[in-house]
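Colleague:
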Amino acid sequence: MAGRPEGTNNNSNTMRLVRWPLTLFLLLAGSHGVSSDLLPVMKQIWSVLGGSSQFWTGTNFCNPADFIGVQCSSQGWPISLKLSKQGLTGPIPQAIGQLTNLTILFLDNNYLGGSTIPDSIGNLTHLESLDLSSSGLSGSLPSSLGRLQKLQNINLLNSGQTGSIEPLLRISSLVRVELGGCHLSGPIPDLLGNWPNVTYLSVWRNNLNGTIPPSLAKMKNVNFLDFGVKTSLKMISSLAGGNHFTGSIPDVFEGFSNLGYLSFWNNQMNGTFPLSLRDSHQLFYLDLAVNQFEGEIPSFVSTFTLLARLSLSNNKFSGAPPNATALTRLDSFAIDRNQFEGSLDLSNLRLLTFVDVSYNGLTQIAIKGLFVNGSCYLNNNLLPCYPLYATKCEVTYLPCTVKDKINMLYDSTTKISTAEAQILLNATIQVPSEIIRALTAVSAALLRNTSFFSFNQSGISLQLETRNTSDGSHVFSQINNSFISASFPSSILNSSRVSVSLSSVSFNPFLYSSVVGVEVYDTRGNTIEISDSRENVNITMGINITVPDGYDAVCQYWNESNGIWSRQGCTLFIQEQLSICQCNHLTNFSIGAILPLRPELSNSSEATAPMAPDSPTKLIIIVVVCGIGGLLMVAIIAFATLRLVRGRKSGGVDIGTHADEEGGKIEWIERVSKGSKTEVWKAIHNGVTTVAVKKRDEKNMYQLAQEATRLKSLHHPNVVMYLGQNLSEKWLMIEWMEDGSLYHYVKSNPLTSYILFNIAFDVAKAMSYLSEQCIVHTQLTPLNVLLRIVHGTAVAKVTHFGESVEEGARYHRKPEDHTAPEVAQYGTQYSKSDVWSYGILLWFMASGGREFHQNFKKRSSPVTEDGWETTIKSLIQECTQMEASNRPIFSDLAKRLKRGELEAKQEKARFEDYDPYSDR
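Counting with mature numbering (1 follows the signal peptide of the UniProt record, and there is no 0), you get residues -36 to -1, 1 to 884 for the letters of the sequence shown.
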């Protein structure tokens, strides 16, 4: 009995030895069965997909060196097929449905021949991840997708799918859904509640429409883990961006307390800001731009302290702008083209790289400490003449009078550059009543940051310089190229260093000679008061000053207290025909013309200029004024008090924004065109250069400023060159193009094939450059293309940037014949909209100057004719496709036209070289 158990163990061991070979055989047999069944299927799939013949040639499809992209399970079943970027060109075969154990299928970044997703994909019931992005597909989503109830991640980004989104809404297991850039259409069914686990949803730039269903409220687990953020963030990525959704945003965001990214950009939605977002303090990206939302922005937006981007552009929001002071993480802040009003504080937002608050009704923008490392637009608001702080942002201001600008200079903190001073003094020439105040104010402001300035233009002179008086010598200052000077002993100044301002005005409606002014400042910029001095100040008024016959010339000063001219302490000397006013004080001086005094008045210290015999009410006064605010200033003025109230506060100054040309002379030659808003003149600049000058009326100053601003930033040989501007006179100067507009040229000159290609190529190059800058011209018409034709070769340049906008911007102008259909329908401008206009421009040239008239109720592309040049005809048809996405881009157009231009040039050369008498 004792040996039985031992025998039993031996038998068991023997049985185990027998079973192992059997098990191994069965496994091998099973594996061979899988290979034998699926190998031809796998090879068929590879062949239909257009895979390289270099791979998938062997008998073991689990060999990754041969069957690239294939991963098998331990049982030998293919479970992963990753064929991204393999240059595949064929359709997705129906046989793909036989790989029923697949959990991963990646066919992205190939071109799958415009094929559809086969119905058999519904057999892949184990599939967890599907990526068909950028794969060149077409057609609708098959309903069989709804059977993939283990699918978690689907990426159809830019894949080309059309039709309804409904099949995907049947998949309740989805976690990440990327559908951006497709052509899906129709409404979103009220099935979003079927996606309780979705963490990422992207459907931007489709053709979806209708309203956002309220079942959005059931997507409580929406979140997205950004690689730069370590915490889990809820995210709805571009939920509606670039579609045609209407209605309001469902106010269903209660419980979305970790929502991080929300965008409804570029739709046709309306309503108000959803109040249920109040607890979404994890928002770092909020974009509601390019819709029709209205009402006020709730104050709780200022509590979204994690916001990096806030975009509310192109809506109808009103009231106070969002309070951004606590949003210190902002990288991009855009609220442009709304109806916001009041004040906005952008101070100390140091991370900003983009700011656009333009086209609102803001009256004050605080920008102290604002550092924008990129683009910044504050323009087209109701801002007062100048901001308090200098900025690199684009700014436009309400129109200011010269008087306003001068008043601002009396702010003790205001500093201006010499260039800005030149501009203001030039502007003041047109307002004679403000000249003396301008000289005073400019001197005071300049001396806060410079020690020398000289101006001599149109009868106004100003000499500003700093002198060292420590050596005890006289202080002397003289206006260049004149006999006007001032001299006084340093002993009366009580300062080792002073600044002297000496001015002259050579015209005055009340006077017979120049107005001269002098004033003295110490090193801190304070006026040095000089009165009852033991030593006199000598002010040389000029040479050969004459007064009417029968009168004597006298020096006098303006007594502010009594409101009369007084001669006390002043004597006039004539030395070698120079008139020198010698006084023991500095205040407002003049040279008066008086009748010879009777003996009883000869010793009087107070006398006014007497009445002329023939005019009992007329006073003849030649005024020399002293006491203009600034360093050392003496000025001559008629019947005016120049001791102006100082310390007048205003909102800062930046004079240089109103003109670029410093003293340049323009000679107006002829007006070449006149419209309802604009005139164009041919002019000569500085006596040398022929230029074109555009003048606008007061109501269209913003467009002129916008065009000038835009042109200054553009540098391309086929964009008309900016040469200068003067917004106070409402003109913009650009280069002169001798042959005028394309419109007028074609109307009177037949275009050769070569010149047509010349022009088309040049315009395409210019527009390619603009599209690279994300600029949409919006007005690309034959009138806005200028020509210069020399020796049978054309140079074309694009002009008129007053209506240009950024890519994707809202556009409210009434559609015109060149306007793209999508702009007329949806009111949004893209570069592809300019491509449409370009096609109309080509049609104009090819048709010999006929004008295309568009019916916006029944839109259609222009009809080409059989006799037109083949390339141009083809380009017209492509550029005027009704669907914007089907139009070419400008860079491709330029490449094609370059070839066409070369061929036309060769044909032109052959024609010109042809000799009918040669021996060919």
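All residues carry an ideal CB built from backbone N, CA and C; glycine is no exception.
1. For Asp781, which beta-bridge partners are listed by DSSP?
2. When the Cβ atoms of the region 738 to 751 are set against those of the region 842 to 862, are three or more pairs found closer than 8 Å?
3. Between the region 410 to 417 and the region 439 to 449, are three or more C-beta pairs nearer than 8 Å?
4. Buried or exposed for Ile853, going by 16 or more other Cβ atoms inside 10 Å?
5. Assuming Thr654 contacts Trp700 (C-beta within less than 8 Å), just tell me the rounded distance between them.
6. Tell me whether His245 sits in a helix, a strand or coil according to DSSP, three-state version.
7. Does the contact criterion of 3 or more C-beta pairs under 8 Å hold for the region 806 to 815 versus the region 749 to 757?
8. Leaving out the 5 sequence neighbours to the left and right, which residues in its chain are closer than 7 Å to Pro577 when beta-carbon positions are compared?
9. With a floor of 3 residues, list each beta strand (DSSP E) that falls wholly inside the region 266 to 315, ordered by position along the chain.
10. Since Leu536 and Ile555 should fall inside the 8 Å C-beta cutoff, what is the C-beta to C-beta distance between them, to a whole number of angstroms?
11. Rounded to a whole number of angstroms, what is the C-alpha to C-alpha distance between Leu457 and Thr433?
12. Assign Ile538 to one of two classes, buried (16 or more other C-beta atoms within 10 Å of its C-beta) or exposed (fewer than that).
13. Along the chain, where does the alpha helix (DSSP H) containing Leu388 start, and where does it finish?
14. How many Å lie between Ala656 and Ile633 at the Cα?
15. Take Ser309 and list the residues in its own chain whose beta-carbon comes closer than 6 Å to its own, dropping the five residues that flank it on each side.
16. Taking buried to mean at least 16 other C-beta atoms within 10 Å of its own C-beta, is Val652 buried or exposed?
17. The beta strand (DSSP E) with Leu750 in it runs from where to where?
18. Considering only DSSP beta bridges, list what Thr653 is partnered with.
19. Quick check on the burial criterion: 16 or more other C-beta atoms within 10 angstroms. Buried or exposed for Asp300?
20. What number of angstroms, rounded off, separates the C-alpha of Thr80 from the C-alpha of Thr673?
21. Less than 9 Å separating the beta-carbons of Thr64 and Asn87?
22. Can you tell me whether Cys340 is buried or exposed? The criterion is at least 16 other CB atoms within 10 Å of its CB, across all chains shown.
23. Using the Cα positions of Leu121 and Ser98, report the straight-line distance between them to the nearest angstrom.
24. Bridge partners for Thr355 per DSSP, in chain order?
25. Within 10 Å of its beta-carbon, does Cys349 have 16 or more other beta-carbons around it, so buried, or fewer, so exposed?
26. Using only alpha-carbon positions, find the residue among Ile840, Ser422, Gly831 and Gly704 that is nearest to residue 895.
27. To which residues does DSSP link Gly325 through a beta bridge?
28. Excluding the 5 residues preceding and the 5 following Gly150 in the sequence, name in chain order all residues of the same chain whose CB lies nearer than 6 Å to its CB.
29. Exposed or buried, what is His438 when buried is set at 16 or more other beta-carbons lying within 10 Å of its beta-carbon?
30. Report the three-state DSSP secondary structure of Asp251 (helix, strand or coil).
31. For the alpha helix (DSSP H) that Asn682 lies in, which residues bound it at each end?
32. On a Cα-Cα basis, can you pick out the residue from Gln737, Leu857 and Phe217 that is closest to Phe721?
33. Buried or exposed for Leu346, going by 16 or more other Cβ atoms inside 10 Å?
34. For Asn234, which residues in the same chain have their Cβ closer than 8 Å to its Cβ, ignoring the five residues on either side in sequence?
35. Just confirm the distance between the C-beta atoms of Leu326 and Glu305, as a whole number of angstroms; I'd bet it's less than 8 Å.
36. Under 6 Å Cβ to Cβ from Pro214, same chain only, skipping five residues before and after it: list those, please.
Modeller: This is what the structure holds:
1. Paired residues: none, contrary to the question.
2. no
3. no
4. exposed
5. 4 Å
6. coil
7. no
8. Low local confidence applies: a pLDDT of 32 at Pro577 is under 50, so the model's placement there is unreliable, with the coordinate-based value given in what follows. Around Pro577: no qualifying Cβ.
9. 273 to 275, 280 to 283, 296 to 298 and 303 to 309
10. 7 Å
11. 9 Å
12. exposed
13. Thr382 to Thr392
14. 10 Å
15. Sequence check: residue 309 is Asp here, not Ser. Only Thr289 and Ala330 meet the Cβ criterion.
16. exposed
17. Val749 to Val754
18. His649
19. buried
20. 49 Å
21. yes
22. buried
23. 6 Å
24. DSSP lists no partner for Thr355.
25. buried
26. One cannot answer for residue 895 here, as it falls past the ends of the chain, which runs -36 to 884.
27. Glu305
28. Ser128
29. exposed
30. strand
31. Unbroken run through Asn682: none, as it is neither H nor E.
32. Leu857
33. exposed
34. Thr210, Gly211, Ser212, Asn255, Gln256, Phe257 and Glu258
35. 7 Å
36. Ile176, Pro178 and Leu180
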